[in-house]
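Novice:
Residue numbers (my numbering): 29 to 349.
What follows is the structure, encoded as structure tokens:
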């Protein structure tokens, strides 16, 4: 997949694409429906498949002091899009110039003159242009004016469960990773470089790998069962995860730390993709390291049992598929 960080001087090979457009934070099941729509158009038109996103998110541009709360990093999003068959990713710079564009100006200057699109698919709640004046109805009108196809895609699943990045954030903040996974179509995953912690875990027999939360959404602080892949290779390894500030050891920085079961090795400087699968308990301050050690032993047993049950269910599904 080729990535362009502007909408001008796009080479001929990338012009005439059928694109899906939006922010695609998380590339959840609703986003995948929009991309699938664009892929159908690309096949019909014999055109390349592209995705157009905005950077920064318009909300960040207008509210720079507000925490981004990303569901997924830019790099992880690109990897997910590539796996879905996207050939070109257009990262549209959302700056003052773009923020002042009216709806038709955006369509004419960015989509038509800039990207030269043949088709665009968007979610039913898509808005664009200054003050969000543009909507799906105006986009459909401009499609006829400027001769490109438009497809509007509903973003609801079974029982009218809405697929949205906001719903994923809300589920994670509520300590409901299973709900977030239903919307995403996979467990929520945070990717990061292992950093050095206080190494207190080693003193109680549970060495943990620490990741900074950076611009990710903050899940409910507490203990989770989950898994981690190392350097993007091999099977995900089971473990118990803490998200929070580690109050028993007077921590302050928000971190995710994971203890991998049955793993021995140095993880410093390596990349982990950590998925939260089940919430176990809230983070709390214990009277000391010994009390913490006892609780962690219980957490490990709870996490191990839950993850083993998940694995057995998955094996049964595979056998009956």
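In this text, a Cβ means the ideal position worked out from N, Cα and C, and glycines have one as well.
This one's a predicted model, so the numbers in the text were calculated from it and none came from an experiment.
For residue 255, report the span of its beta strand (DSSP E) as first-last.
Specialist: From DSSP, the beta strand (DSSP E) with residue 255 extends over 250–258.
Novice: May I ask which residues mark the beginning and end of the beta strand (DSSP E) holding residue 179?
Specialist: Unbroken beta strand (DSSP E) run through residue 179: 177–181.
Novice: Looking only at C-alpha atoms, which of 323, 29, 47 sits nearest to residue 179?
Specialist: When only C-alpha atoms are compared, the closest one is 47.
Novice: On a Cα-Cα basis, can you pick out the residue from 157, 182, 30, 51 that is closest to residue 65?
Specialist: For the residues 157, 182, 30, 51, the minimum Cα distance to residue 65 belongs to 182.
Novice: Hey, quick one: how far does the beta strand (DSSP E) through residue 351 stretch, first residue to last?
Specialist: For residue 351 there is no data in the structure shown, the boundaries of the chain being 29 and 349.
Novice: Who are the near neighbours of residue 127 in its chain, counting only those whose CB is closer than 8 Å to its CB and skipping five residues on each side?
Specialist: The residues are 86, 89, 90, 158.
Novice: For the alpha helix (DSSP H) that contains residue 76, what are its first and last residues?
Specialist: Counting along the chain, residue 76 falls outside any alpha helix (DSSP H), and DSSP gives it neither H nor E.
Novice: Can you have a look at residue 289 and say buried or exposed, based on whether 16 or more other CB atoms are within 10 angstroms of its CB?
Specialist: Residue 289 comes out exposed.
Novice: Roughly how many whole angstroms lie between the Cα atoms of residue 154 and residue 80?
Specialist: So the two alpha carbons sit approximately 13 Å from each other.
Novice: Please list the terminal residues of the continuous beta strand (DSSP E) segment that includes residue 49.
Specialist: That run of the beta strand (DSSP E) goes 46–49.
Novice: Please classify residue 41: is it buried, with 16 or more other beta-carbons within 10 angstroms of its beta-carbon, or exposed?
Specialist: When all chains shown are included, residue 41 counts as exposed.
Novice: Beta-carbon within less than 6 Å of residue 138's beta-carbon, same chain only, minus the 5 sequence neighbours each way: which residues are those?
Specialist: Result list for residue 138: 35, in chain order.
Novice: Which residues in the same chain have their Cβ closer than 7 Å to the Cβ of residue 256, if we skip the five residues on either side of it in sequence?
Specialist: Answer for residue 256: 264, 265, 267, 286, 288, 300, 301, 302, listed in chain order.
Novice: Within a Cβ cutoff of 6 Å, which residues of the same chain sit near residue 279, ignoring the five residues on either side of it in sequence?
Specialist: Contacts found: 273.
Novice: Please state the DSSP three-state secondary structure of residue 333.
Specialist: Of the three classes helix, strand and coil, the one that applies to residue 333 here is helix, per DSSP.
Novice: Less than 6 Å between C-beta atoms, sequence neighbours within five positions excluded: which residues of the same chain meet that for residue 239?
Specialist: Around residue 239: 220, 284.
Novice: Mind the definition here: the region 291–299 touches the region 247–255 only if three or more C-beta pairs lie below 8 Å; say whether that holds.
Specialist: In short, these stretches do not touch, since the Cβ pair count stays below three.
Novice: Excluding the 5 residues preceding and the 5 following residue 197 in the sequence, name in chain order all residues of the same chain whose CB lies nearer than 7 Å to its CB.
Specialist: Here the set comprises 97, 99, 245.
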